[in-house]
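A.B. asks: Numbering (my numbering), first residue to last: 761 to 1418. Dropping the structure in here first, questions after.
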Ligand code: C2E
Ligand code: CA
Ligand code: CA
């Protein structure tokens, strides 16, 4: 350790005067110790030679005073409680007292100089010289006291010796004076060094503080979402890792990770513009920020997605997050428009749902996906069932990637009836995958897996090709509905390939109906709108599938170039109740006002078929009328159906055109 390092360590973080005082406290006891011992020796050598007054009484008083000061300097002191002004006062006092002490002891020694032989006189001279130099070195941090002390002793001593006219003593006195002068210079230099050291330490301290403040500001910016002022994604994952490390080490209590996603944000953003969308997010960010406390931390992960860390068990987390969703749901005034968005949430509980940040986040995201597809506007907690589904999905994805799709997938047709004539007006092409490993895989799962692994476009083209091949076997009065995924709509190449396939098949474009769900439209509404427009421009028809399960509003329907509306089968199930009937009627009226043909899906009973047709649904589809089947089965079934009246309907079925 270098001198400056040692000194810096000794002065710590104290102001200059306090640091000097602390140094002095370390040295002054030695000064008084040296004085006491040397005085005892001097009194002893002069005992019996000088008067008792000078060898007993005066030294007793001086030594007692020195011991009293020694004890005073040894008393403990709290440096932290000491102010710079207080320390300066003590230093000043010590400097005056130091000169007085030097003067008193020097005068006493000089008084003794009158007695004894040359040895004793030399002892006096050495006492004065050595004591003085020793004291000066100890007063290294009090150069003023050292200088005053030396002057107050040397001037009278020199004067006295001059007057005494003893050349040896005079030489000793001059010697001491010279050394004392050099010592004073050295002391002053080292005092400057010390002062510079403290000053540079203070400057360093200020610089460090500034750098720290700048660093804090930068960190603050790096962890803040500029739009909402909430914490951002980077902060969220950092905090999650931190929480995990602390919990894993201490095997601490559970905590929850949640992902919140706004429902209907996209259409608001698309309809009213990005400025309004930003204002909406800011308002929601403000609401969320007001709920943050030690237990609940919120960050904006991006877009309309927020991350929550809840330090508590599952039930409390569910309550807190449901309350957040309700907060978000409250209307927001955006200029003249009042917007209202919903919110779905997924929760994953540590340690049940996972032990790493990645696992927990993925699972809360999965629970969110589950909430969105099954209970929109609610929060779902990741469970073991979800885990089993995920495992199964992963298995499907793996097998799909290595499957011989051309032979393993096929298309089934489900008939759609015209309720007025009870004839088959169209068929819906539905994907079927028979995996040699898994057996039959449902269409939902196949399409979902294909979307996740990125092979949906290829599969859609393959399915459409097969669908067209089979469809050509059916009578020309029948149309074919084909389902498109959102990812198909956003792929220009896929859409062009599908159009080329229609043209190449020779099937009249009017016989093709493309079905899209609301969720398929969500990712890029404008692009989807343009694609649907183009398809219609080429003579094909478009249909909105599963109506009523998403958030379709009049505005959405109005803006979309649609020909048909397919009402989700959950409405057919409720058509028997008064409220269900009312709802189904309202939808039919809405469709009628927009000049859209209406199909009721999921017709399973005769009663449902009758109700749907009485309410005015032109088309009906469901297990009652026919399950999805191969084209061969369909061709065989059609003559059967033709022969007998359709259950629940008095209408007779027309014959298919050849
Ligand atoms: P979707 O478009 O709503 O198709 C109707 C689904 O309802 C079919 O299920 C059909 O079997 C089923 N269904 C028909 N009538 C009834 C009924 O009376 N009761 C009940 N409970 N269900 C009935 P499927 O074939 O399993 O298809 C499920 C979904 O998979 C389809 O729903 C569609 O969204 C999607 N899908 C099917 N094939 C394709 C395809 O080739 N491409 C794309 N992108 N999606 C497809
Ligand atoms: Ca469909
Ligand atoms: Ca449907």
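By construction, the Cβ of each residue, glycine as well, lies at the ideal position given by its N, Cα and C atoms. Values in this document were obtained by computation on a predicted structure and should not be read as measured data.
#1: Here's the rule I'm using: 16 or more other beta-carbon atoms within 10 Å means buried, otherwise exposed. How should residue 1126 be labelled?
#2: Which first and last residues belong to the beta strand (DSSP E) in which residue 1173 is found?
#3: Please classify residue 1498: does DSSP put it in a helix, a strand, or coil?
#4: Would you give the residue range spanned by the alpha helix (DSSP H) that residue 1287 belongs to?
#5: Roughly how many whole angstroms lie between the Cα atoms of residue 1252 and residue 1161?
#6: Given a threshold of 16 other Cβ atoms within 10 Å of its Cβ, counted over all protein chains shown, does residue 828 qualify as buried or as exposed?
#7: For ligand 1, I want to know if residue 1220 counts as a neighbour, meaning its beta carbon is within less than 7 Å of at least one of the ligand's heavy atoms.
#8: If we ignore side chains and look at the alpha-carbon of each, how far apart do residue 936 and residue 956 end up?
#9: Give me the Cα-Cα distance between residue 1089 and residue 1106, rounded to the nearest whole angstrom.
#10: For a quick check, are the C-beta atoms of residue 1136 and residue 1038 less than 8 Å apart?
#11: Would you be able to state if there are at least three C-beta pairs under 8 Å between the segment 1194 to 1204 and the segment 1257 to 1274?
#12: Can you give the beta carbon distance from residue 1246 to residue 1280, rounded, assuming they're within the 8 Å contact cut?
#13: Excluding the 5 residues flanking residue 1329 on each side, which residues of the same chain have their C-beta closer than 6 Å to its C-beta?
#14: So for residue 1272, helix, strand or coil by DSSP?
#15: Among residues of its own chain, excluding the 5 on either side of residue 927, which ones have a beta-carbon nearer than 6 Å to its beta-carbon?
#16: Quickly, what does DSSP pair residue 1021 with across the bridge? List them, please.
#17: Is it buried or exposed for residue 975, if we count other Cβ within 10 angstroms and need 16 for buried?
#18: Do residue 830 and residue 792 count as a contact pair if the criterion is CB distance below 8 Å?
#19: Could you check which residue in 1386, 1128, 1012 has the C-alpha nearest to that of residue 1365?
#20: Identify which residue in 1171, 1319, 1182, 1208 has its Cα closest to the Cα of residue 1191.
#21: Under a three-way DSSP split, which group does residue 1383 fall into?
#22: In whole angstroms, what separates the C-alpha of residue 797 from that of residue 846?
#23: Could you tell me whether the Cβ atoms of residue 1213 and residue 1286 are closer together than 8 Å?
#24: Quick check on residue 1050: does DSSP put it in helix, strand or coil?
#25: How should residue 1093 be labelled, buried or exposed, when 16 other C-beta atoms within 10 angstroms of its C-beta is the threshold for buried?
#26: Please name the residue in 814, 858, 1055 whose C-alpha comes closest to that of residue 999.
#27: Look at the alpha carbon of residue 1048 and the alpha carbon of residue 1104, and state the distance between them as a whole number of angstroms.
#28: Between which two residues does the beta strand (DSSP E) harbouring residue 930 extend?
#29: Cα-Cα, which of 1325, 958, 983 is closest to residue 1353?
#30: Around ligand 2, which residues pass a check of Cβ closer than 5 Å to any of its heavy atoms?
#31: Pull the bridge partners of residue 1183 from the DSSP assignment, please.
#32: Pairing CB atoms from the segment 1112 to 1127 with CB atoms from the segment 1141 to 1150, are three or more of them under 8 Å?
C.D. replies: This is what the structure gives:
#1: buried
#2: 1169 to 1178
#3: Not covered by the structure: residue 1498. The range shown for the chain is 761 to 1418.
#4: 1285 to 1297
#5: 23 Å
#6: exposed
#7: yes
#8: 30 Å
#9: 16 Å
#10: no
#11: no
#12: 3 Å
#13: 1361, 1362
#14: strand
#15: none
#16: 1065, 1104
#17: exposed
#18: yes
#19: 1386
#20: 1171
#21: coil
#22: 31 Å
#23: no
#24: coil
#25: exposed
#26: 1055
#27: 15 Å
#28: Counting along the chain, residue 930 falls outside any beta strand (DSSP E), though it belongs to the alpha helix (DSSP H) covering 927 to 982.
#29: 1325
#30: 1243, 1275, 1305
#31: 1178
#32: yes
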